[in-house]
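Quick note on the numbering used here: the sequence shown kicks off at 380 and runs consecutively. For glycine and all other residues, C-beta sits at the position ideal for the given N, C-alpha and C. Predicted model, so just to flag it, every value in this text is computed and none were measured. Scroll down for the structure; my scribbles are underneath it.
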Amino acid sequence: MSQSFKLLAREEFKDKVFARDNYKCLVCGEPAVDAHHILERDLFDDDGFYLENGASVCNACHIRAEMTLITVEELRALAGIKVPALPAGIYSTDVVDKWGNYILPNGTRMRGPLFYDDGCQKILGKAGLLDSFSERVKYPQTKHLPISPGRSKDDGIIADLSQLVGHECVASEKGDGENWTMYRGPGNCHARSLDGRDHWTRSSAKQFHAGIEGDIPEGWRVSTENMFAMHSIYYPQTPLLWGLSIWNERNVSLPYDETLEWFNLLNITPAPLLWRGVFTMKIAEELAASLDVEKQEGFVVRRVDEIPYSMFGKRLAKWVRSGHVQTDDHWMHGEVKKNGIIYP
């Protein structure tokens with residue numbers, strides 16, 4: 380988190396939330412019974428016991444808040460929270476429910492990291508909201524390794540390396556492009572932003588999707604990097620898409636070797652492989668030293684076995700060069716230069 384918040388012990392969290400809210404339910408004014416986590420604590424690396432993530436509620440309103448029938452925004456407003464505590468990967472501009480599921484302007488929701496957890500499934504099922512979810516999923520933010528020099532103030536750092544260190548991993552080059560996700564069905568593809576805006580630099584990626592969408596299993600998605608346009612690095616020769624991962628209907632990223640088999644079937648070039656073996660931080664330092672940072676943004680390391688969406692922030696991390704310009708969508712608003720695309 381870019382903002383500094385004080386992490387509290389469990390009982391201290393309850394006491395301080397109740398005291399701030401005058402020991403009353405913020406919604407109905409009845410005596411407070413629970414200190415509700417506005418965003419589910421499992422979304423946080425540290426359990427999220429922050430005053431800026433708490434709201435006093437009675438039993439009835441607690442259930443409604445868990446069911447997301449009382450929104451995150453409503454609770455923050457009632458608690459007077461101007462700057463909320465947020466887990467890594469969720470930003471102040473994101474509209475999400477208590478479970479970290481994204482909410483689109485039309486009310487449709489997208490599956491977040493906890494969607495398939497039993498608690499989330501049970502409570503949203505009770506609320507009758509499971510049918511309101513789109514099959515589309517926003518590609519999660521990749522956390523930085525502790526030694527990564529290119530992180531910005533809003534970027535998350537992987538706090539626990541135990542899911543990487545000592546495990547078989549692969550390191551692939553990080554492409555300086557635009558995230559591009561594809562599903563089964565005509566036109567069923569999108570950039571990370573999911574705002575529906577069109578741009579001429581996405582035309583080739585859309586045409587590619589049109590040729591393979593029938594081969595993507597129902598409920599699966601293919602995550603790639605669209606390398607068509609130059610962002611901060613010019614690529615004189617590059618495939619249109621760099622394959623990143625393939626996700627099944629349970630929102631699990633397939634094991635690396637199985638992913639390569641699917642990329643071969645779909646005629647997608649995987650992101651360039653730099654290394655494979657048992658990961659250590661010494662390996663990370665050696666990989667970083669081996670890069671040509673004038674031509675390479677960095678690398679991404681991931682476990683070779685499957686990665687559930689909820690484990691993405693623990694089994695995958697990146698190293699980014701110092702001073703790398705995070706262009707996001709801003710590159711589209713100026714003069715766009717095309718990379719040297721190699722078409723099959």
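Would DSSP call residue i helix, strand or coil?
i	result
LYS697	strand
LYS393	helix
LEU387	coil
TRP579	helix
CYS404	coil
GLY719	coil
LYS661	helix
TYR470	coil
MET690	helix
ARG655	strand
ILE442	helix
ASP539	coil
ASP727	Any question about residue 727 goes unanswered here, given that the chain covers just 380 to 723.
ARG488	strand
ARG682	strand
SER669	helix
LEU422	helix
LEU509	helix
ALA398	helix
LEU620	strand
Using only CA atoms, which one of the options lies nearest to residue i?
i	options	result
ALA434	VAL451, ASN480, ASP424, ASP426	VAL451
SER379	LYS716, THR580, GLY427, ALA570	Because the chain is modelled from 380 through 723, residue 379 falls outside the range shown and cannot be assessed.
VAL683	ALA550, GLY498, MET561, LEU619	ALA550
LYS477	ALA388, TYR614, LEU653, ARG420	ARG420
ARG488	ALA439, ASP497, SER511, TYR470	SER511
GLY677	HIS523, VAL631, GLY486	HIS523
SER669	ALA439, VAL680, ILE591, LEU653	LEU653
PRO715	GLU445, GLY556, ALA696	Inspection of the sequence shows that residue 715 is occupied by Val rather than by Pro. Of the candidates GLU445, GLY556, ALA696, the one whose C-alpha sits nearest the C-alpha of VAL715 is GLY556.
GLN542	ILE720, ILE721, GLY702, ALA696	ALA696
HIS610	PHE494, ALA584, TRP626, THR580	THR580
CYS548	ILE686, ILE612, TRP641	ILE686
LEU521	GLY656, ARG490, CYS407, GLY554	What sits at residue 521 in the sequence shown is Thr, not Leu. Looking at the Cα atoms, GLY554 is the closest of the given residues.
ARG490	TYR470, VAL516, LEU508, VAL475	VAL516
ILE449	ILE417, TYR614, ILE591	ILE417
TYR613	LEU405, VAL544, ILE720, VAL680	ILE720
ALA663	VAL680, THR648, ILE647	VAL680
MET446	PHE494, GLU640, LYS585, LYS461	PHE494
ASN643	LEU483, LYS461, ILE536, ILE625	ILE625
TYR518	ASN558, MET660, ARG455, GLY498	ASN558
SER724	VAL474, LEU454, LYS661	Outside the shown range of the chain (380 to 723) lies residue 724, about which nothing can therefore be said.
Within its chain, find whatever has a CB closer than 6 angstroms to the CB of residue i; leave out the 5 residues flanking it on each side and keep chain order.
i	result
THR617	MET606, ASN718
TYR402	ALA411
LEU422	PRO466, GLY479
HIS415	ALA434, VAL436, HIS441, ALA444
ILE698	Rather than Ile, the amino acid found at residue 698 in this sequence is Trp. The residues are LEU524, SER527, ALA667, GLY677, PHE678.
Could you check where the beta strand (DSSP E) with residue i kicks off and where it finishes?
i	result
ARG629	Here ARG629 belongs to no beta strand (DSSP E), and DSSP marks it neither H nor E.
GLY433	433-436
GLU597	Premise fails: GLU597 is in no beta strand (DSSP E) and is neither H nor E.
HIS569	568-570
ASP413	413-416
TRP559	557-562
GLU547	547-553
Kindly list the residues whose CB is nearer than 7 angstroms to the CB of residue i, restricted to its own chain and excluding five residues on each side of it in sequence; keep chain order.
i	result
ALA464	MET380, PHE384, GLY427, TYR429, GLU431, ASN432
GLN675	GLU552
VAL672	ARG700
LEU623	SER602, THR603, GLU604, ALA650
PHE587	LEU619, LEU620
GLU514	TYR562, GLY598
ILE482	VAL474, VAL475, ASP476, ARG488
GLY468	PRO519, GLN520, GLY535, GLY692
With a threshold of 6 angstroms, establish whether the CB of residue i neighbours any heavy atom of the ligand FMN.
i	result
GLU547	In the structure on display, the ligand FMN does not appear, and there are no ligands present to speak of.
Go through its chain and collect everything with a Cβ distance to residue i's Cβ below 8 angstroms, but skip five positions before and after it.
i	result
GLY593	ARG563
ILE595	MET561, TYR562, ARG563, VAL601, LEU645
GLU425	In the sequence as displayed, the identity of residue 425 is Asp instead of Glu. Around ASP425: LEU386, ALA538.
VAL657	GLY545, HIS546, GLU547, CYS548
ASP636	VAL683
What are the start and end residues of the alpha helix (DSSP H) that includes residue i?
i	result
GLU452	451-458
HIS327	This structure cannot settle anything about residue 327, because the visible part of the chain is limited to 380 through 723.
ASP497	497-505
TYR376	Lying outside 380 to 723, the shown extent of the chain, residue 376 is not represented and no answer is given.
Are there three or more Cβ pairs, one per stretch, closer than 8 angstroms when the segment 504-511 is compared with the segment 531-547? no
Does the structure place the segment 384-401 close enough to the segment 411-426 that three or more beta carbon pairs sit under 8 angstroms? yes
Could you tell me whether the segment 687-696 touches the segment 625-640, where touching means 3 or more Cβ pairs closer than 8 angstroms? yes
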